[in-house]
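Its first residue numbered 2, the sequence shown is counted upward by one per residue in my numbering. No residue lacks a Cβ here, since even glycine has one placed at the ideal position from N, Cα and C. Taking it in order: structure first as structure tokens, then the write-up.
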Amino acid sequence: MCGIVGYVGKRQAYPILIKGLHRLEYRGYDSAGLALVNREGVLNVFKSKGKVADLEHFVESKDLDGTIGIAHTRWATHGEPNDINAHPHYSDSGNIALIHNGIIENYRVLKEALIENGYTFKSDTDTEVLVNLIEYIRTSNNCTLLEAVQQALKQVIGAYAIAVVEKGNQDQIIAA
């Protein structure tokens, strides 16, 4: 079972997100990660296989600035437990990050269509397919992130909860 935490506000997001992840540890998981958008709009993703404490150790010397972020604990359903399959996942361009709980049943068909449109994939997850579908729609239709998420979810078959952040957008998390 996965856990999702998000924060938008005036305080630094990292301590709030980590505290939230610790509170979700009882649910069981195999990896943890987080995405932060800093004051300059830079999107940073940090993730690792293992416990939340392993993630904390991994980010000790990283730039954790940001007043918006999403965090996730993952219990693998698609793809083995490792750093690459841990959430959040970036879009191909690195402009969008997404965390996801659930299963996208038609991810293979969506992935094939995205590959035909030039997208590449690093992980074995259905989540990476969804973040790239959102980016494809956002770019192709020149629409807002919210509109792209709404359109993408109309194409998805499955059960899910998601949270999405975007480079350059320091005050919005899209959740569904």
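1. Taking all protein chains shown into account, do 16 or more other C-beta atoms lie within 10 angstroms of the C-beta of alanine 1, making it buried, or fewer, making it exposed?
2. Where does asparagine 142 fall in DSSP's three states?
3. Look at the Cβ atom of tyrosine 178, then the Cβ atom of glycine 70, and state whether they are nearer than 8 Å.
4. Taking all protein chains shown into account, do 16 or more other C-beta atoms lie within 10 angstroms of the C-beta of leucine 147, making it buried, or fewer, making it exposed?
5. Just mark lysine 123 as buried or exposed, buried being the case when its beta carbon has 16 or more other beta carbons within 10 Å.
6. Classify valine 110 as helix, strand or coil using the three-state DSSP reduction.
7. Going by alpha carbons, who is nearest to isoleucine 97 out of Cys144, Ile175, Val166?
8. Should lysine 168 and valine 43 be called a contact, given that it needs their Cβ atoms to be closer than 8 Å?
9. Starting from glutamate 57, trace the alpha helix (DSSP H) in both directions and tell me its first and last residue.
10. Terminal residues of the continuous beta strand (DSSP E) containing histidine 73?
11. On the CB-based measure, 16 or more other CB atoms within 10 Å of its CB, does threonine 68 come out buried or exposed?
12. Closest to histidine 73 by C-alpha separation, out of Val157, Arg28, Gly10, would be which residue?
13. Is it the case that the Cβ atoms of leucine 99 and threonine 128 are separated by a distance below 8 Å?
So, from the listed chains and residues:
1. Residue 1 is absent from the model: the chain starts at 2 and stops at 177.
2. For the purposes of this step, residue 142 is taken as residue 141 along the sequence shown, with counting starting at 1. Here asparagine 142 sits in helix by DSSP.
3. With the chain running from 2 to 177 in the structure shown, residue 178 is simply not present.
4. Along the sequence shown, read from residue 1 onward, the residue named residue 147 stands at position 146. Exposed.
5. To locate residue 123, count along the sequence shown from 1; it is residue 122. Exposed: under 16 other Cβ atoms inside 10 Å.
6. Numbered from its first residue, the sequence shown carries residue 110 at position 109. Residue state, collapsed to three classes: helix.
7. Within the sequence shown, the letter at position 96 stands for residue 97. Checking every option, the nearest Cα to that of isoleucine 97 belongs to Val166.
8. Working through the sequence shown from its first residue, we reach residue 168 at position 167. Working through the sequence shown from its first residue, we reach residue 43 at position 42. The criterion of a C-beta distance shorter than 8 Å is satisfied by lysine 168 and valine 43.
9. In the sequence shown, counting from the first residue as 1, residue 57 sits at position 56. Counting along the chain, the unbroken alpha helix (DSSP H) around glutamate 57 starts and ends at 53 to 59.
10. For this step, residue 73 is matched to residue 72 along the sequence shown. Note, histidine 73: beta strand (DSSP E), 69 to 75.
11. Mapped onto the sequence shown, residue 68 falls at position 67. By the neighbour-count rule (16 or more Cβ atoms within 10 Å), threonine 68 is buried.
12. What you label residue 73 is simply residue 72 of the sequence shown in a count that begins at 1. Among Val157, Arg28, Gly10, the Cα nearest to that of histidine 73 is on Arg28.
13. As a position in the sequence shown, residue 99 is number 98, starting the count at 1. As a position in the sequence shown, residue 128 is number 127, starting the count at 1. Taking 8 Å as the Cβ cut-off, leucine 99 and threonine 128 qualify as a contacting pair.
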